[in-house]
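Enquirer: Protein sequence lines, in the order shown, are assigned to chains A and B.
No gaps in the numbering here: position 177 of the first sequence is 177 in the numbering used here, and each next residue is one more.
No gaps in the numbering here: position 418 of the second sequence is 418 in the numbering used here, and each next residue is one more.
We put the CB at the ideal spot given by N, CA and C, even for glycine.
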Amino acid sequence: MDTLLVGLAGVVALSTPVVLATLGEILTERAGVINLALNGTILLSAMTGFAVAVNSGSLLWGFLAGGTVGMTVALLVTFTSLTLGQSQVAVGFVLTLLTRDLSYFLGNPYMGKQGPRLPHWPLPVLQDIPILGPLLFRHDLMVYLSYVVILGMWFWFFYTRPGLILRGLGERPAAAYVRGARVRELRYLYAALGGFLAGLAGPAYSLSVKAGWKGTISGLDGIGWIALALTIFGGWHPLRGALGAYLFGLLQWLSLVLQPQLKDIPSQVLQVAPFPTMILLLLFVNIGNTEWMQRTLAGLPPEVRRLVERALRALQVSPPAALGKVFREE
Amino acid sequence: MRVELRNIHKHFGPVHANAGITLTFEEGKIHGLLGENGAGKSTLMKILSGFYRPDDGEIYLDGQRVSFHHPADALRQGVGMLHQDPLDFPVMTVLENFMAGSPGGMVPDKRKARKSLKTLGEQFGFHLDPDATVASLTVGERQQLEILRLLWLGARVLIFDEPTTGISAQQKERLFQALRQLASEGRTIIFVTHKLYEVQELCDTAAVLRLGKLMGRRTAPYDLDDLVKLMFGRVLKMERKPAVPLGEPIFRVEDLAVESARVRIRNVYLEVRAGEVIGLAGMEGSGQRYLLRACAGLLRPTSGRVWFRGREMTGRSYLDFYQAGATYLPATRLEEGLLPGLRVADHLVLTRGSRGFFVNERHARDLAQEAIRTFNIRGRPDSMVEALSGGNQQRLLLSLLRPNLSLLFLEHPTRGLDMESTLWVWEQLLERCRQGTAIFFMSSDLDELLNYSDRILVFFAGQVSAPIPAEELDTESLGRLIGGYGFVPVEEAQTMSVGEAAHAR
Ligand SMILES: Nc1ncnc2c1ncn2[C@@H]1O[C@H](COP(=O)(O)OP(=O)(O)OP(=O)(O)O)[C@@H](O)[C@H]1O
Ligand SMILES: [Mg+2]
């Protein structure tokens with residue numbers, strides 16, 4: 001039992017950077033901007049955060065540097081699209097490649113160096129709650145910060161006035177505009193904030209769960225793409241996005257744990273298993289959209305149909321309608 | 001509040017959308033703003049509501065000079081606008097839409113907003129479920145929500161940009177009542193339209209725009225011919241479809257059924273002859289689109305059989321229908337009909353150009369020039385299609401049709417078009433009928449249905465009637481059927497459908 005709990009607590013810790021990156025992207029995309037540079041961003045901010053922390057001896061500066069890298073990349077994407085009118089997708093792709101290579105190149109001097117690491121800081125009182133305590137409250141500050149971000153973002157989206165406008169921003173900027181929003185400024189602002197969060201994911205690895213910088217073998221390459229997929233899987237909803245990130249962490253952990261038991265299955269299969277599993281989940285989420293499903297539903301008795309329809313609708317996700325589209329105020 | 005516009009100018013690139021317009025709107029009255037497609041009505045109203053900034057000119061409210069930098073500025077000063085397509089958030093709930101953009105603290109007071117929505121709604125007979133998503137509302141209900149929202153935020157000047165497009169007759173009645181009530185409370189109402197009978201029914205004054213200029217101002221009662229002349233420079237009349245000799249039967253459905261969660265269309269027997277026009281009448285969302293799409297192979301019918309030009313086409317896809325000589329023109333021109341982001345010339349190359357691998361730019365331009373000339377499109381070969389006005393998009397779509405069509409499916413062929421464009425579109429369509437094209441069209445315009453159809457199918461609450469010859473109907477009786485009075489779905493009138501089948505044979 002205890003080993004299981006410890007393992008699961010490890011999943012929570014290991015998923016934290018993915019949670020941060022996913023939520024950052026959710027925030028950005030809700031405002032209508034796609035930041036496809038996430039993958040490179042995480043690598044570059046991991047390297048930068050580590051380098052700064054090593055040189056300054058300050059963890060705080062390390063995290064701030066990582067966040068700033070994320071914010072800068074996000075602002076570049078936003079600037080080239082909102083102000084220069086270029087494609088967000090194209091710029092994001094180029095930047096993701098650029099930042100990745102940059103991190104490997106600039107990170108060379110820091111390869112394998114010893115650096116500071118965020119200390120464990122079990123929360124008094126909370127850590128003694130049975131099960132939940134060891135699972136959630138015996139971690140470091142970044143993990144707690146991620147909880148705050150998850151709940152805060154959820155509250156911001158669905159319970160506040162600016163949150164209403166934010167959701168509208170990615171949906172119909174013109175409608176947000178007539179409701180008083182300064183569309184372009186707000187998009188810059190949210191893209192910057194989202195970028196900052198995604199940028200924190202880097203040092204959350206290099207100064208915490210996977211401390212240090214090991215270049216191409218850091219194992220961070222690909223995380224950004226996962227976070228982008230989780231943004232969709234989570235339906236641009238902070239709680240579902242975070243859930244998706246934890247689920248992905250769990251799948252990864254399972255494939256590690258189960259490896260000794262399932263000797264017949266090549267280890268490579270288990271390593272990549274979380275990916276197709278995520279795809280299957282995505283399919284399941286969108287099953288309500290298919291014509292086949294609609295037709296099957298039409299044959300059910302009305303009460304059952306209503307129930308199933310409601311369940312499917314709750315699962316279903318659709319992207320912010322104006323995602324990636326530029327809106328010009330006259 | 002008295003509104004004064006002085007010498008308003010607005011350019012969009014080479015287009016002079018507003019060329020020095022001076023107009024006054026007194027309070028407590030309903031003011032009509034008339035004009036053909038592209039006359040500059042929406043532009044002028046967007047300037048008044050702070051959505052656009054004028055290139056030149058001044059706005060005065062109660063004699064006070066104002067300048068708006070943002071729609072929110074205008075609303076703060078009391079000017080609110082309902083846009084041509086409702087500017088709301090379909091994925092959010094009614095209540096969230098109502099609250100979004102309202103002033104106040106960080107966390108909105110949902111309870112208070114809910115109460116305001118209810119009490120305000122009761123004043124006008126608008127009953128909206130605060131927790132329904134806006135996507136599930138009809139266009140009319142979305143409008144009602146917008147009206148309540150603007151009133152809640154204190155609008156004293158209300159601009160309605162073509163509010164009657166796509167709403168039911170009852171909703172229109174309720175809207176007009178609300179407008180009269182608002183005017184009697186001392187608000188200034190501006191009503192943008194190109195439908196003359198609405199101006200006649202509702203407006204105290206009417207201003208007519210044409211090509212960005214004010215052509216004249218009239219007060220009720222109006223001389224309609226005079227207004228038409230101001231709008232178009234000449235007198236226009238809608239006439240009945242001339243008798244076209246009908247040809248061979250070319251399309252037949254037997255025992256067709258289309259069913260979904262909301263729609264239960266059954267027992268449709270229909271035989272259509274070359275040159276015949278079948279109108280599909282009904283309130284928005286009553287199932288017309290389902291039947292139309294099922295007939296064209298865009299939607300798989302639940303059961304039944306379909307023949308087209310002597311071949312059984314049951315279960316075939318639209319592509320098969322298309323290759324056999326049918327074409328479908330959807331109502332959402334930009335979403336399904338045209339390709340936003342491509343130029344007029346590109347569209348012509350795609351549909352008419354040579355089959356070669358490379359695009360011959362010169363040829364493309366020539367094709368486009370010719371289409372622009374023959375179809376009277378206001379635009380240039382390298383205009384992006386999304387920059388064309390609705391009427392011109394429809395003209396372009398018609399210009400893209402192949403010459404020898406057997407069957408044409410149309411959703412709302414003249415929605416949003418002014419009278420001149422409407423007449424022009426039908427002239428083109430009837431010319432096709434003369435050449436043997438059969439037409440299926442759905443519309444919410446009773447006059448259009450009655451004037452141009454040979455037979456009409458009425459839809460109500462997801463069910464369909466037997467075909468009714470158009471000359472047996474008039475506006476009143478058709479209006480009643482659409483509203484469900486005296487409506488008999490075909491499945492409850494078995495004898496009629498058998499009779500119809502016999503008649504068709
Ligand atoms: N955002 C824009 N960019 C470029 N051109 C525009 C824009 N908005 C309007 N126009 C052009 O300005 C002219 C006036 O358009 P406007 O929308 O004001 O006409 P309207 O009278 O409202 O017509 P309709 O009855 O079709 O709604 C048209 O030629 C139109 O193509
Ligand atoms: Mg308009």
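Let me confirm a value: Glu-500 (chain B) is counted as buried when at least 16 other C-beta atoms fall within 10 Å, else exposed. Which label applies?
Expert: In this predicted model, Glu-500 (chain B) has a pLDDT of only 48, less than 50, meaning its place in the structure is not dependable; the value taken from the coordinates is given anyway. With 16 or more other Cβ atoms within 10 Å, it is buried.
Enquirer: Between which two residues does the beta strand (DSSP E) containing Gly-282 (chain B) stretch?
Expert: Run containing Gly-282 (chain B): 277-282, per the beta strand (DSSP E) assignment.
Enquirer: If I measure Cβ to Cβ from His-9 (chain B) and keep anything under 7 Å in the same chain, skipping five residues before and after, which residues do I get?
Expert: Once the five neighbours on either side are set aside, the close Cβ partners of His-9 (chain B) are Asn-18, Ala-19, Gly-20, Pro-54, Asp-55, Asp-56 and Gly-57.
Enquirer: How about Val-149 (chain A) and Leu-23 (chain A): do their beta carbons lie closer than 9 Å?
Expert: Yes, these two residues count as a Cβ contact at 9 Å.
Enquirer: Run through DSSP, which three-state label would Lys-241 (chain B) get?
Expert: Coil at Lys-241 (chain B), not helix or strand.
Enquirer: Rounded to the nearest angstrom, what separates Arg-395 (chain B) and Phe-375 (chain B) at their Cα positions?
Expert: Cα to Cα, the separation comes out at about 6 Å.
Enquirer: Indicate whether Arg-187 (chain A) and Leu-323 (chain A) have their beta-carbon atoms separated by less than 9 Å.
Expert: No, they are not a contact pair.
Enquirer: Taking Cβ-Cβ distances below 7 Å as the criterion, which residues of the region 75-90 of chain B are in contact with chain A?
Expert: Cβ contacts with chain A: Leu-87, Asp-88 and Phe-89.
Enquirer: Where Arg-530 (chain B) and Leu-36 (chain A) are concerned, what is the direct C-alpha to C-alpha distance, given to the nearest angstrom?
Expert: This structure gives no information on residue 530 (chain B), because the portion of chain B shown stretches from 1 to 505.
Enquirer: How many angstroms separate the CA atom of Phe-176 (chain B) from the CA atom of Leu-202 (chain B)?
Expert: About 7 Å.
Enquirer: Nearest to Pro-221 (chain B) by CA position, among B:Gly-32, B:Pro-489 and B:Asp-346, is which residue?
Expert: The shortest C-alpha separation from Pro-221 (chain B) is found at B:Gly-32.
Enquirer: How is Ile-377 (chain B) classed by DSSP in three states: helix, strand or coil?
Expert: Coil at Ile-377 (chain B), not helix or strand.
Enquirer: Quick one: grab the DSSP three-state call for Tyr-205 (chain A).
Expert: Looking at Tyr-205 (chain A) - three-state DSSP - the assignment turns out to be helix.
Enquirer: Can you give me the C-alpha to C-alpha distance between Pro-319 (chain A) and Glu-25 (chain A), rounded to a whole angstrom?
Expert: Taking the straight line joining both Cα atoms gives about 13 Å.
Enquirer: Are there three or more Cβ pairs, one per stretch, closer than 8 Å when the region 470-480 of chain B is compared with the region 289-300 of chain B?
Expert: The region 470-480 of chain B vs the region 289-300 of chain B: no contact.
Enquirer: Just checking my contact of Arg-305 (chain A) with Leu-297 (chain A) at CB under 8 Å: how many whole Å lie between their CB atoms?
Expert: The pair is a contact, with the Cβ atoms about 5 Å apart (cut-off 8 Å).
Enquirer: Just the C-alpha distance for Arg-355 (chain B) and Thr-327 (chain B), rounded to the nearest angstrom, thanks.
Expert: The straight-line gap from Cα to Cα measures roughly 20 Å.
Enquirer: Using the Cα positions of Thr-93 (chain B) and Leu-8 (chain A), report the straight-line distance between them to the nearest angstrom.
Expert: Roughly 38 Å between the two C-alpha positions.
Enquirer: Taking Cβ to Cβ, would you say Pro-330 (chain B) is nearer than 9 Å to Glu-198 (chain B)?
Expert: Not closer than 9 Å, so no.
Enquirer: Given that a residue counts as buried once 16 or more other Cβ atoms are within 10 Å of its Cβ, and exposed if not, what is Ile-34 (chain A)?
Expert: Ile-34 (chain A) comes out buried.
Enquirer: Taking 8 Å as the cut-off, is the C-beta of Arg-380 (chain B) nearer than that to any heavy atom in ligand 1?
Expert: No, the Cβ of Arg-380 (chain B) stays beyond 8 Å of every heavy atom of ligand 1.
Enquirer: In angstroms, rounded to a whole number, what distance separates the CA positions of Val-498 (chain B) and Asp-346 (chain B)?
Expert: Confidence is the limiting factor: at Val-498 (chain B) the pLDDT is only 44, short of 50, which leaves the residue's position unreliable, though a coordinate-based value still follows. Whole-angstrom Cα-Cα distance: 48 Å.
Enquirer: So with Cβ pairs under 9 Å, would you call His-70 (chain B) a contact of chain A?
Expert: By this cut-off, His-70 (chain B) is an interface position.
Enquirer: For chain D, find out if any of its Cβ atoms is closer than 9 Å to the Cβ of Thr-290 (chain A); answer yes or no.
Expert: Given the protein chain composition of this structure (A and B), no chain D is represented.
Enquirer: Can you give the Cα-Cα distance for Glu-303 (chain A) and Lys-210 (chain A), rounded to whole angstroms?
Expert: Roughly 51 Å separates the two Cα atoms.
Enquirer: Please write down, chain order preserved, every residue whose beta carbon lies under 7 Å from a heavy atom of ligand 2.
Expert: Those residues, listed in chain order, are B:Lys-41, B:Ser-42, B:Gln-84, B:Asp-161, B:Glu-162 and B:Val-192.
Enquirer: In this structure, how does DSSP classify Phe-409 (chain B) when only helix, strand and coil are distinguished?
Expert: Phe-409 (chain B): strand per DSSP, three-state reduction.
Enquirer: Beta carbon of Asn-376 (chain B): closer than 8 Å to some heavy atom of ligand 1?
Expert: Checking the Cβ of Asn-376 (chain B) against ligand 1 gives no.
Enquirer: How far does the alpha helix (DSSP H) with Met-1 (chain B) in it reach, from first residue to last?
Expert: It is not in any alpha helix (DSSP H) - Met-1 (chain B) carries neither H nor E in the DSSP assignment.
Enquirer: Let me make sure I understand the geometry here. Which of A:Val-257, A:Trp-236 and A:Leu-200 has the alpha-carbon closest to that of Val-18 (chain A)?
Expert: Out of A:Val-257, A:Trp-236 and A:Leu-200, A:Leu-200 has the C-alpha closest to the C-alpha of Val-18 (chain A).
Enquirer: Output needed for Glu-336 (chain B): all residues of its chain with C-beta closer than 6 Å, excluding positions within five of it in sequence on either side, in chain order.
Expert: Answer for Glu-336 (chain B): Pro-330, listed in chain order.
Enquirer: Against Glu-96 (chain B), what residues of chain A qualify as contacts under a CB-to-CB distance less than 7 Å, listed in chain order?
Expert: Going along chain A in sequence order, the residues near Glu-96 (chain B) (Cβ under 7 Å) are Leu-164.
Enquirer: Note down, in chain order, every chain A residue with its Cβ under 7 Å from the Cβ of Val-192 (chain B).
Expert: Simply none; closest approach about 16 Å.
Enquirer: Helix, strand or coil for Asp-56 (chain B)? Go by DSSP, reduced to three states.
Expert: If DSSP states are grouped into helix, strand and coil, Asp-56 (chain B) belongs with the strands.
Enquirer: Write down every uninterrupted run of the alpha helix (DSSP H) in the region 44-86 of chain A whose length is 4 residues or greater and which is fully enclosed by it, in chain order.
Expert: The region 44-86 of chain A contains these whole alpha helix (DSSP H) runs: 59-78.
Enquirer: Where in the region 63-99 of chain B do unbroken runs of the beta strand (DSSP E), each at least 3 residues long, occur, reported from the N-terminal end onward?
Expert: With a minimum length of 3 residues, the continuous beta strand (DSSP E) runs that stay inside the region 63-99 of chain B are 64-66 and 79-82.
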